[in-house]
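First the structure, in the form of structure tokens, and then the observations on it.
2 protein chains.
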Amino acid sequence: MTELPSWRDTATRSAIEDFVASVTAGTDAVPVAERVAVFDNDGTLWSEKPMPTQLHYVVEQWRKRLAEDASLAARQPYTAVASGDLSWVGAAVDKHYAGDDADLKVLIGAIVEVTQGVSVHDYAESVASFYRDARHLTLGVPYSRTVYQPMVELLRFLEANGFTCYVVSAGERDFMRPMTEEYYGLPPERVVGSAYGLTYDEDTRQVRYGAALSFFDDGPEKPPRIWTRIGRRPLFAVGNSNGDMPMLDFTADNGRGLALLVHHDDDTDRGDTPYDKGAEQALAAAADRGYTVISVKDDWEQVFPTAPASTRDA
Amino acid sequence: MTELPSWRDTATRSAIEDFVASVTAGTDAVPVAERVAVFDNDGTLWSEKPMPTQLHYVVEQWRKRLAEDASLAARQPYTAVASGDLSWVGAAVDKHYAGDDADLKVLIGAIVEVTQGVSVHDYAESVASFYRDARHLTLGVPYSRTVYQPMVELLRFLEANGFTCYVVSAGERDFMRPMTEEYYGLPPERVVGSAYGLTYDEDTRQVRYGAALSFFDDGPEKPPRIWTRIGRRPLFAVGNSNGDMPMLDFTADNGRGLALLVHHDDDTDRGDTPYDKGAEQALAAAADRGYTVISVKDDWEQVFPTAPASTRDA
Numbered sequence: 172m173t174e175l176p177s178w179r180d181t182a183t184r185s186a187i188e189d190f191v192a193s194v195t196a197g198t199d200a201v202p203v204a205e206r207v208a209v210f211d212n213d214g215t216l217w218s219e220k221p222m223p224t225q226l227h228y229v230v231e232q233w234r235k236r237l238a239e240d241a242s243l244a245a246r247q248p249y250t251a252v253a254s255g256d257l258s259w260v261g262a263a264v265d266k267h268y269a270g271d272d273a274d275l276k277v278l279i280g281a282i283v284e285v286t287q288g289v290s291v292h293d294y295a296e297s298v299a300s301f302y303r304d305a306r307h308l309t310l311g312v313p314y315s316r317t318v319y320q321p322m323v324e325l326l327r328f329l330e331a332n333g334f335t336c337y338v339v340s341a342g343e344r345d346f347m348r349p350m351t352e353e354y355y356g357l358p359p360e361r362v363v364g365s366a367y368g369l370t371y372d373e374d375t376r377q378v379r380y381g382a383a384l385s386f387f388d389d390g391p392e393k394p395p396r397i398w399t400r401i402g403r404r405p406l407f408a409v410g411n412s413n414g415d416m417p418m419l420d421f422t423a424d425n426g427r428g429l430a431l432l433v434h435h436d437d438d439t440d441r442g443d444t445p446y447d448k449g450a451e452q453a454l455a456a457a458a459d460r461g462y463t464v465i466s467v468k469d470d471w472e473q474v475f476p477t478a479p480a481s482t483r484d485a
Numbered sequence: 172m173t174e175l176p177s178w179r180d181t182a183t184r185s186a187i188e189d190f191v192a193s194v195t196a197g198t199d200a201v202p203v204a205e206r207v208a209v210f211d212n213d214g215t216l217w218s219e220k221p222m223p224t225q226l227h228y229v230v231e232q233w234r235k236r237l238a239e240d241a242s243l244a245a246r247q248p249y250t251a252v253a254s255g256d257l258s259w260v261g262a263a264v265d266k267h268y269a270g271d272d273a274d275l276k277v278l279i280g281a282i283v284e285v286t287q288g289v290s291v292h293d294y295a296e297s298v299a300s301f302y303r304d305a306r307h308l309t310l311g312v313p314y315s316r317t318v319y320q321p322m323v324e325l326l327r328f329l330e331a332n333g334f335t336c337y338v339v340s341a342g343e344r345d346f347m348r349p350m351t352e353e354y355y356g357l358p359p360e361r362v363v364g365s366a367y368g369l370t371y372d373e374d375t376r377q378v379r380y381g382a383a384l385s386f387f388d389d390g391p392e393k394p395p396r397i398w399t400r401i402g403r404r405p406l407f408a409v410g411n412s413n414g415d416m417p418m419l420d421f422t423a424d425n426g427r428g429l430a431l432l433v434h435h436d437d438d439t440d441r442g443d444t445p446y447d448k449g450a451e452q453a454l455a456a457a458a459d460r461g462y463t464v465i466s467v468k469d470d471w472e473q474v475f476p477t478a479p480a481s482t483r484d485a
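Read top to bottom, the protein sequences are chains A and B.
Heads up: the first sequence at position 16 corresponds to 187 in this note's numbering, and the numbers run straight through without jumps.
Heads up: the second sequence at position 105 corresponds to 276 in this note's numbering, and the numbers run straight through without jumps.
This is the structure in structure tokens:
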């Protein structure tokens with residue numbers, strides 16, 4: 172009986188199950204301490220369309236600021252938010268994946284403004300409140316219901332086999348921490364992501380966000396961040412975009428490592444959007460570089476959880 | 172029966188035992204996930220005299236370079252190494268604690284040269300080889316025998332009570348990782364320290380050290396690094412110098428947190444050197460800021476382990 176019930180009985184599921192068996196059984200089993208698995212977040216563990224959840228949160232904060240100061244509408248991204256047409260925001264991210272970072276810098280600058288000077292505790296409360304109230308922009312459900320059920324099962328399957336699982340995402344680390352714990356059962360010390368600079372405020376004895384992004388955890392930044400945080404080379408990695416390729420290569424090259432690439436080819440009515448954008452190079456290189464491709468359409472029986480996700484109760 | 176046999180039956184030991192009992196028992200016990208303990212390394216978990224072990228390692232690398240290129244002796248720190256008088260090195264660290272970072276920058280520049288371009292794996296092997304062969308400069312024993320036995324017992328005592336222990340040190344993270352695992356039983360993901368910048372080498376699929384220090388994990392940098400790596404405010408902290416004060420304050424201010432300061436007042440013949448240098452402000456502020464002071468002289472029955480330390484076998 173499979174422990175991956177939302178996965179169809181395909182070659183992909185067999186490849187995962189065979190891999191786990193091969194590194195956990197027998198005299199050449201990989202020691203438990205070295206069974207490190209890393210997962211991209213947006214588009215790998217949960218939906219990233221029509222826009223990453225973090226942008227949804229930030230747009231709400233910009234909207235609150237506009238309500239207090241309408242003159243902000245003179246500049247992006249407030250112009251877009253004021254107009255109700257957010258395509259500028261999505262385009263900035265698309266341009267980043269096409270190699271043009273100009274609008275992304277404006278976007279990140281405005282994102283940093285939202286948290287500048289805020290304590291990590293106050294931000295955690297603001298983020299937790301968002302996750303309680305927000306609804307996915309097209310599916311209309313709480314974000315807890317936009318996690319990929321097959322991937323949550325995969326986390327538990329790996330853990331049951333001695334793996335330690337980490338999120339390694341371009342998403343901002345502290346925005347992810349509340350949801351990774353509640354939706355995936357992954358505690359804050361196992362969340363690696365982009366980071367705002369932090370400073371220690373001696374007077375209040377609080378850690379606060381600074382005026383700039385410290386680093387953007389995507390592409391070739393992912394392996395160094397994995398080393399910084401974990402101090403081991405992963406044995407298992409899953410991503411879904413070009414920005415995950417260095418992490419996948421770093422893992423595939425680890426002797427017995429397995430690298431997986433989620434392909435969003437699902438054109439059925441199960442709620443997720445089919446897309447290749449941002450994953451073209453990764454998909455084209457998959458065979459050469461040894462990535463095992465997960466077809467959302469063919470390999471997953473079910474995409475989203477049927478009940479509100481709480482891995483704590485799972 | 173105490174689980175801290177190398178600690179004398181003093182008010183300090185009682186304070187630690189009472190604190191642990193108070194946060195682990197009853198209806199207001201702190202949840203296990205929030206029982207985070209942070210330990211400075213040099214001078215807190217092991218000896219840092221006559222010089223921090225990392226400097227010993229680096230001096231050996233400089234000596235190897237000098238043997239290949241004698242012209243290096245024209246500049247510091249090679250001048251000092253060539254002369255056999257390393258007081259310039261110790262003075263650079265002392266000046267740092269007195270607020271003058273000029274020589275420390277020269278020192279760090281020369282330290283960074285040693286690892287620039289080296290892969291994290293090759294460095295780990297070099298460091299592991301050093302730990303196998305090196306002897307403490309005055310005690311003449313392997314560095315495994317220069318850990319503070321009472322502190323190793325404290326790590327195990329906390330773990331037995333549901334705490335997760337981290338090293339949070341100004342020492343370089345990857346230099347500590349091999350010894351924290353072997354001497355303290357703390358895996359690489361629980362080592363927070365200063366860091367060289369890292370880059371991903373696409374061609375060899377290796378993570379390599381860059382041309383600069385990324386950050387120096389001391390003083391007000393410690394609380395942000397704790398947040399970055401752990402994502403929780405500690406409940407328990409131990410340090411021994413002025414540079415640990417922000418970490419101690421950040422912990423003491425955490426509602427029920429306990430902050431401890433090791434005072435090197437031992438003038439007996441147990442092998443450790445008495446010193447206050449670099450700890451003057453912390454010692455003076457201890458009463459006001461609520462630090463519990465650990466007297467090496469009065470609170471510890473034994474300073475170093477009697478047999479080669481291997482926490483794995485303990």
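C-beta atoms are modelled at their ideal positions from N, C-alpha and C, and glycine is treated no differently.
Residues of chain B with a Cβ closer than 7 Å to the Cβ of TRP398/A are, in chain order, VAL291, LEU369 and VAL378. In terms of beta-carbon proximity, ILE282/A stays away from the interface with chain B, with every pair separated by 8 Å or more.
Sequence-distant partners of PRO445/B (beyond 5 residues in either direction) whose C-beta falls short of 7 Å from its own C-beta, in its chain, are HIS435, ASP436, ASP437 and ASP438.
Close to chain B, meaning a Cβ-Cβ distance shorter than 8 Å, are the following residues of the region 341 to 364 of chain A: ARG344, ASP345, ARG348, PRO358, PRO359, GLU360 and VAL362.
LEU257/A carries a coil assignment under DSSP once its states are collapsed to helix, strand and coil. Between the region 330 to 338 of chain B and the region 347 to 359 of chain B, the count of Cβ pairs shorter than 8 Å is three or higher; the stretches touch.
Collapsing the DSSP output to three states places ARG427/B in coil. With fewer than 16 other Cβ atoms inside 10 Å of its own Cβ, LYS276/A counts as exposed. Within a 10 Å sphere around the beta-carbon of VAL203/B sit fewer than 16 other beta-carbons, which makes this residue exposed. Look at ARG234/A here: in three-state DSSP terms it is helix.
Here THR399/B is buried: its Cβ has 16 or more other Cβ atoms, across all protein chains shown, within 10 Å. Nearest Cα to TYR268/A within the set VAL209/A, GLY449/A and PRO417/A: GLY449/A. Following the DSSP letters along the chain, one finds VAL363/A in no alpha helix (DSSP H) but inside the beta strand (DSSP E) bounded by residues 362 to 372. For GLY342/A, there is no enclosing alpha helix (DSSP H); the residue is part of the beta strand (DSSP E) that begins and ends at 335 to 343.
Bounds of any beta strand (DSSP E) do not take in LEU243/A, whose DSSP letter is neither H nor E. Annotation for LEU329/A: the continuous alpha helix (DSSP H) segment containing it runs 320 to 331.
Using a Cβ-Cβ cut-off of 8 Å, ASP199/A is close to nothing in chain B; its nearest Cβ partner there is about 20 Å away. Interface annotation for the region 406 to 428 of chain B against chain A: PRO417, ASP420, PHE421 and ASP424, criterion Cβ-Cβ distance under 7 Å. In the structure shown, GLY402/B adopts coil according to DSSP, grouped into three states. Ranking LEU175/B, THR351/B, PRO313/B and LEU454/B by CA distance to the CA of HIS227/B puts PRO313/B first. For THR195/A, the closest C-alpha among the options VAL285/A, ARG427/A and ASP240/A is that of ARG427/A. Taking a 10 Å sphere around the C-beta of PRO176/B, we find fewer than 16 other C-beta atoms and assign the residue as exposed. Nearest neighbour of PRO394/B by Cα position, chosen from ASN411/B, GLY381/B and ASP420/B, turns out to be ASP420/B.
Its chain contains VAL378 as the residues whose beta carbon lies nearer than 7 Å to that of TYR371/A, once the 5 sequence neighbours on both sides are disregarded; these appear in chain order.
In the displayed model, SER218/A falls within coil according to three-state DSSP, outside both helix and strand.
Within chain B, the residues placing a beta-carbon under 7 Å from that of PRO394/A are TYR371 and VAL378, ordered along the chain. In terms of Cβ geometry, GLN232/B and VAL291/B do not form a close pair [threshold 8 Å]. THR309/A is a Cβ neighbour of PRO221/A, given a cutoff of 8 Å.
Identification of chain B residues near ARG403/A by a Cβ-Cβ cut-off of 9 Å yields PRO358, PRO359 and GLU360, ordered along the chain.
Under the three-state reduction of DSSP output, LEU308/B falls in the coil class, being neither helix nor strand. Between PRO321/B and TRP471/B, the C-beta gap is smaller than 8 Å, which places the two residues in contact.
Distance from the CA atom of GLN225/B to the CA atom of ARG306/B, rounded to whole angstroms, is 13 Å. Counted as a single uninterrupted DSSP element, the stretch harbouring ARG376/A is not any alpha helix (DSSP H), since DSSP gives it neither H nor E. In the structure shown, THR198/A falls within a coil segment according to DSSP collapsed to helix, strand and coil. The Cβ atoms of ASN411/B and GLN452/B lie no closer than 8 Å to each other.
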